[in-house]
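Working notes, structure below.
Residue numbers (the numbering used here): 937 to 1007.
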């Protein structure tokens, strides 16, 4: 029975990966296309959900002024 519980937990976590990966790819594609408004919106949503790649990318974009007014 323990093996089944372990398998269930692993499959639950693995099933969440494709959705977040698709979201980060969409944000990356928007950024590459120069659609910074969409990219920042996507990265912000992902960052608030705890995605570390989105947090780092959004932080970098804000740091260098990519898609936001520079001051």
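Idealized CB from N, CA, C, for every residue including glycine.
Please classify residue i: does DSSP put it in a helix, a strand, or coil?
| i | result |
| --- | --- |
| residue 973 | helix |
| residue 1005 | coil |
| residue 995 | helix |
| residue 939 | helix |
| residue 966 | helix |
Residue j and residue i - do their beta-carbons sit closer together than 8 Å?
| i | j | result |
| --- | --- | --- |
| residue 982 | residue 963 | yes |
| residue 960 | residue 992 | no |
| residue 975 | residue 985 | no |
Query raised in the report: Would you call the region 994-1003 and the region 964-984 touching, i.e. three or more CB-CB distances under 8 Å?
Result: yes
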